[in-house]
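Below is one structure; the comments refer to it alone.
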């Protein structure tokens with residue numbers, strides 16, 4: 158390694174992994190972020206896991222910085238694009254519901270914003286936001302540092318084996334009373350994770366029909382697929398943890414989490430698509446593979462001792478996506494469950510090809526969620 162590369166490596170290590178402020182006398186001081194008074198920050202809930210090989214805890218952080226002021230030009234652009242795609246007059250659009258759904262899409266994403274957080278009394282740098290206003294980082298901590306961020310009454314041995322939330326926060330340079338709080342869910346190394354698609358798996362979206370997709374995304378009340386919430390809750394009581402995957406943009410995170418809560422789906426973490434309005438509304442229609450495959454690989458690698466159930470629908474590419482993951486992590490996947498919205502046969506060439514490296518007895522094509530109650534998560538080891 159050359160001298161310049163070595164110096165660059167040390168600099169990067171310091172920025173990402175060394176506490177920005179570990180002085181015990183300043184443990185309660187929060188980072189002073191360069192976020193203006195007219196800008197805002199959201200920490201999107203993420204996850205934390207334990208790596209047995211290195212005896213370290215990994216906390217994933219996901220921050221988004223934006224300016225809440227809505228642009229009338231952006232609003233007109235989005236309205237015009239949707240109305241043309243749907244072949245309807247702009248005046249026919251449900252303004253109230255549209256404003257609720259599109260609100261975050263109209264915000265200005267803020268790039269080049271350094272983000273730091275305070276966890277356990279120490280400040281850690283998480284990098285700089287990109288052009289979409291997002292930054293994602295993974296913080297690696299030894300057990301003795303991990304403990305510092307937990308409540309004093311938490312027994313660490315119990316913490317290691319029980320799912321629970323950890324919290325962190327940050328501040329701004331212009332106003333020390335302005336505090337942003339975030340959380341990550343710690344999941345123990347062992348257990349069952351259910352990864353569920355959202356659109357046309359648990360929420361009626363009609364993805365194959367692009368006109369109906371836009372209508373159900375921006376204009377119509379969200380509708381749950383009957384019976385899926387009750388099924389998921391039954392698996393939750395049997396010990397399953399949940400991740401939700403969606404090709405929708407992060408700007409729809411709030412209405413989607415409200416939908417999950419209102420329909421009583423189990424609490425879970427979410428992975429969505431990074432989107433910037435200048436890229437065009439067409440990106441919403443892009444294939445989900447760019448979102449789902451990297452997210453699934455990351456989950457599999459984070460939890461090498463866990464079993465997985467993958468649930469999706471036949472409307473677009475879920476069978477192919479899950480089949481690809483099965484070819485890489487097949488022994489970890491207990492079931493692949495596909496909701497049949499296309500009227501295909503489970504013995505069709507499509508499914509035989511997509512799942513050729515996955516045991517046929519662990520694949521189910523279903524129409525009614527009642528068909529899946531035979532699966533007992535508590536019996537999966």
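Residue numbers (this note's numbering): 158 to 538. Every residue, glycine too, gets a C-beta built ideally from N, C-alpha and C.
Around the C-beta of residue i, are 16 or more other C-beta atoms found within 10 angstroms, so that it is buried, or is it exposed?
| i | result |
| --- | --- |
| residue 294 | buried |
| residue 458 | exposed |
| residue 101 | This structure leaves residue 101 out entirely; the chain is present only between 158 and 538. |
| residue 210 | exposed |
| residue 128 | The question about residue 128 has no answer here: the residues shown for the chain are numbered 158 through 538. |
| residue 253 | exposed |
| residue 300 | exposed |
| residue 470 | buried |
| residue 518 | exposed |
| residue 182 | Since pLDDT at residue 182 reaches only 40, below the 50 mark, its modelled position is unreliable, and the value read off the structure follows with that caveat. Label assigned to residue 182: exposed. |
| residue 527 | exposed |
| residue 237 | exposed |
| residue 502 | exposed |
| residue 303 | buried |
| residue 412 | buried |
| residue 289 | buried |
| residue 418 | exposed |
| residue 188 | buried |
| residue 313 | exposed |
| residue 180 | Caution is warranted here: a pLDDT of 39 is assigned to residue 180, below 50, making its placement in the model unreliable, and no coordinate value can be reported. |
| residue 504 | exposed |
| residue 166 | Summary for residue 166: the model assigns pLDDT 46, below 50, so the residue's position carries little reliability; its value from the coordinates is reported in the next sentence. Counting Cβ neighbours within 10 Å, residue 166 comes out exposed, since fewer than 16 surround it. |
| residue 315 | exposed |
Report yes if the CB atom of residue i is closer than 8 Å to the CB atom of residue j, and no otherwise.
| i | j | result |
| --- | --- | --- |
| residue 320 | residue 345 | yes |
| residue 385 | residue 359 | yes |
| residue 220 | residue 283 | yes |
| residue 357 | residue 498 | yes |
| residue 465 | residue 352 | yes |
| residue 428 | residue 467 | no |
| residue 286 | residue 275 | no |
| residue 473 | residue 365 | yes |
| residue 298 | residue 213 | yes |
| residue 544 | residue 190 | There is no way to answer for residue 544, as the model of the chain reaches only from 158 to 538. |
| residue 217 | residue 348 | no |
| residue 277 | residue 305 | yes |
| residue 379 | residue 416 | yes |
Name the residue from the options whose alpha carbon lies nearest to the alpha carbon of residue i.
| i | options | result |
| --- | --- | --- |
| residue 424 | 409, 405, 399 | 399 |
| residue 383 | 264, 467, 496 | 496 |
| residue 510 | 493, 529, 476, 525 | 476 |
| residue 205 | 426, 529, 482 | 426 |
| residue 337 | 193, 197, 492, 521 | 197 |
| residue 521 | 214, 272, 493, 194 | 493 |
| residue 421 | 381, 454, 409 | 381 |
| residue 430 | 201, 195, 369, 387 | 201 |
| residue 396 | 292, 377, 536, 342 | 536 |
| residue 387 | 207, 187, 529 | 529 |
| residue 292 | 538, 203, 478, 453 | 203 |
| residue 414 | 186, 355, 460, 461 | 355 |
| residue 460 | 296, 207, 311, 394 | 207 |
| residue 500 | 513, 523, 455 | 523 |
If residue i sits next to residue j, beta carbons under 8 Å apart, how far is it from one beta carbon to the other, in whole angstroms?
| i | j | result |
| --- | --- | --- |
| residue 361 | residue 404 | That belief does not hold up - the Cβ atoms of residue 361 and residue 404 are roughly 15 Å apart, past 8 Å. |
| residue 280 | residue 223 | Actually they are not in contact, since the Cβ atoms of residue 280 and residue 223 sit about 23 Å apart, beyond 8 Å. |
| residue 450 | residue 481 | 7 Å |
| residue 484 | residue 332 | That belief does not hold up - the Cβ atoms of residue 484 and residue 332 are roughly 51 Å apart, past 8 Å. |
| residue 323 | residue 343 | 6 Å |
| residue 453 | residue 255 | About 32 Å separates the two Cβ atoms, so there is no contact after all. |
| residue 258 | residue 409 | 7 Å |
ask   = Taking three-plus beta-carbon pairs below 8 Å as touching, is the segment 444 to 458 in contact with the segment 328 to 341?
value = no
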